Amino acid sequence: MPTVVYRDQRHSVAAGGNLLSALLEVGVNVSHGCRSGVCRSCTMVVLDGTVPAASQADLTAAERGQGLFLPCQCAVQDDLVIGDVSDRLEVGAHIASIDRMRSRVIRLRLALDGELDFVPGQFATLIRADGLARSYSIANQPGARSLEFHVGVVAGGRMSEWVQTGAREGDAVRVRGPYGRCCYDPEAVASDAPLLLAGVGTGLAPLWGIANDALARGHTGPIAILHGARNEEGLYLDAELTNLALGHENVEYRAFVLEGASDSAQRRPLDLNAIKDCATQPLAAHTIYLCGAPEFVQGLRRKLFLAGCSLSRILADAFVTASAPTP
Amino acid sequence: MASVYEQLGGAPAIQAATEIFYRKVLQDETLAPYFDGIDMDAQIAKQASFLTMVTGGPNSYTGRDMRSAHAKLVARGVGDRHFDLVVQYLGETLSELGVPGELIKVVADTAESVRNDVLNR
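Residue numbers (the numbering used here), protein chains in the order written: chain A, 536 to 862; chain B, 2 to 122.
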């Protein structure tokens, strides 16, 4: 009889038995919904052992690579060690550099003490020595044991103000993650399909990572990168994106500002109409990435869905700002 | 006889049907206000569970779930008129996906069987 280990507790499960049912039976409180592999609410992570392919069939390559699987679709065959999605390894790190970019955005680079296996577009949680934790999107490409975050300085934001004024190169921090499925998935997107990447504020960090990842994987279809900011000062990756577009025939960069004059940006909101104007094919043919403030991401996602885009082709990452600490 | 769920193609087909169905619901002026400010992902998951149930797929829906899930909506005025629209959009969705009329009837009857639970009667 296979053994399943969860949080140091060993459970025997009948060979071929359904893992979700078995866990619930022994009192492990797994949040779950449809039990049909659709709602994904029971998603867990396999830490050791091999789960059946059926339990990962509907996940992205990135998610499978990170060991995510659906226990409701898992007929247990072999011994497994499983955990919650939040049970990721923490990695120690040191601050490698702190550079002020244009606007109130800081490029924070970390040197990792160990491996962190991420896919561009994902985010990770930065944990200060005293335990203060905030999540940031990863802007760099994997492979160099380093992480780059674009930290938007929020007035009264404890982590971002520390990064701006208190943090020093060499400071020890920890990183937990990665999380998120807002990534380029070559299995789900044809290499000649059109991509639309739209972000506001520091929502550009994951989009920068995704665009570079798509190019590195040989994506030949059009890649439109749309950045919205309050004013020109907020277009903090303007030079890099202009260069990226100059260097790649299939990359287009468009900027949008709400106020003030700008040489490079259109003065209009980055909304559904702006996206439609950038679309080279019917909207529903695009894979669309949305990153930034929740009201931007969620509002646009709904409008795009109603405009005929499948939710499976709208990958979104809403940046939720931590609520103010109670005095 | 295979269930409508199996004939449609199981979970992936339900996912596609759910999007078409939910888009119709959100575009209906009578129904849309009840979905304002609702998390779309959570809602899609619930709609998928609902479609799985009414097409005879594997599910764990119970009458009690139906009652508790809709109690607040019933208090806000959801009634037979809204239920009828949902069943109508369900039928239109399946019709667009090429499901034959007699099977749509089976699905509609299954939906009908939970009307009183949904409307807390």
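Beta carbons are placed, not taken as given, at the ideal position from N, Cα and C, and that holds for glycine. Computed from a predicted structure; not experimentally measured.
Assigned secondary structure, residue i (DSSP; H/G/I helix, E/B strand, else coil)
i      : result
A/M579 : strand
A/P860 : Reliability fails at A/P860, whose pLDDT of 43 lies under 50, so the model's placement of it is uncertain and the value that follows must be treated cautiously. A/P860: coil per DSSP, three-state reduction.
A/C607 : helix
B/D40  : coil
A/N553 : strand
A/H629 : strand
A/Y816 : Before going further, note that residue 816 of chain A is Gln rather than Tyr in the sequence given. Coil, per DSSP.
A/D634 : strand
B/E30  : coil
A/G756 : coil
A/R716 : coil
A/Q612 : coil
A/Y671 : strand
A/Q833 : helix
A/V561 : coil
A/A733 : strand
A/A853 : strand
A/R639 : coil
B/T53  : helix
A/A764 : strand
B/V107 : helix
B/N117 : helix
A/G827 : strand
A/Y771 : coil
B/G1   : Residue 1 of chain B lies beyond the residue range present for chain B, which begins at 2 and ends at 122; the question has no answer from this structure.
Residue nearest to residue i in terms of C-alpha spacing, selected from the options
i      : options                           : result
A/P587 : A/S566, A/A610 and A/S571         : A/A610
A/L682 : A/G738, A/G734, A/G744 and A/Y719 : A/G744
A/L645 : A/C607, A/V620 and A/V686         : A/V686
A/D665 : A/R709, A/P829, A/R703 and A/V626 : A/R709
A/R703 : A/G715, A/L643, A/G712 and A/E650 : A/L643
A/D583 : A/E598, A/G602, A/P829 and A/Q816 : A/G602
A/R848 : A/G551, A/I673, A/P721 and A/I662 : A/P721
A/A853 : A/N808, A/G551, A/A751 and A/G736 : A/G736
B/V79  : B/M54, B/L98, B/Q16 and B/T31     : B/T31
A/L770 : A/T755, A/N785 and A/G795         : A/G795
B/L86  : B/F22, B/P101 and B/K73           : B/F22
A/P606 : A/F831, A/A780, A/N564 and A/I630 : A/N564
B/D118 : B/V108, B/G92, B/V75 and B/K106   : B/V75
A/R803 : A/A740, A/L742 and A/N766         : A/N766
A/L805 : A/T815, A/A814 and A/L793         : A/L793
B/G92  : B/R77, B/V108 and B/K47           : B/V108
B/K95  : B/F84, B/T56 and B/R82            : First, the residue type needs correcting, since residue 95 of chain B is Leu and not Lys in the sequence shown. Of the listed residues, the one whose Cα sits closest to B/L95 is B/T56.
A/I617 : A/V561, A/N553, A/D634 and A/D543 : A/D543
Span separating the alpha-carbon of residue i from that of residue j
i      : j      : result
A/W697 : A/L667 : 11 Å
B/L104 : B/S69  : 29 Å
B/G10  : B/S4   : 10 Å
A/M536 : A/A549 : 6 Å
B/M41  : A/V640 : 31 Å
A/A746 : A/Y788 : 11 Å
A/T856 : A/D798 : 31 Å
A/Q801 : A/Y671 : 28 Å
B/Y90  : B/A18  : 11 Å
A/A628 : A/A596 : 27 Å
B/A49  : A/V573 : 7 Å
A/P860 : A/R545 : With a pLDDT of only 43 at A/P860, under 50, the local geometry of the prediction cannot be trusted, and no value is derived from it.
A/T777 : A/G656 : 20 Å
A/D748 : A/Q676 : 7 Å
B/E7   : A/C577 : 23 Å
B/A12  : A/L850 : 20 Å
A/G782 : A/A819 : 27 Å
A/G753 : B/T111 : 48 Å
A/A707 : A/S845 : 43 Å
A/Y824 : A/L739 : 11 Å
A/C826 : A/R669 : 17 Å
A/A759 : B/N60  : 41 Å
A/R837 : A/A589 : 30 Å
B/E20  : B/I45  : 7 Å
B/A72  : B/R122 : 10 Å
A/M579 : A/V620 : 5 Å
B/D66  : A/S632 : 53 Å
Partner residues on chain B for residue i, Cβ-Cβ distance less than 7 Å
i      : result
A/C569 : A46, A49, S50, T53 and N60
Neighbour list for residue i in chain A, Cβ cutoff strictly below 9 Å
i     : result
B/E20 : F840, S845, L846 and S847
Where residue i meets chain A, residues with beta-carbon distance less than 7 Å
i     : result
B/Q16 : V573
B/R24 : F840 and L841
Neighbour list for residue i in chain B, Cβ cutoff strictly below 8 Å
i      : result
A/S576 : A46
A/R837 : L27 and M41
Chain-ordered neighbours of residue i on chain A, where CB pairs are closer than 8 Å
i     : result
B/A12 : S571, G572, V573 and D593
Requested in this report: Compile a chain-ordered list of the residues in the region 37-62 of chain B whose CB is closer than 7 Å to at least one CB of chain A.
Outcome: M41, I45, A46, A49, S50, T53, G58, P59, N60 and S61
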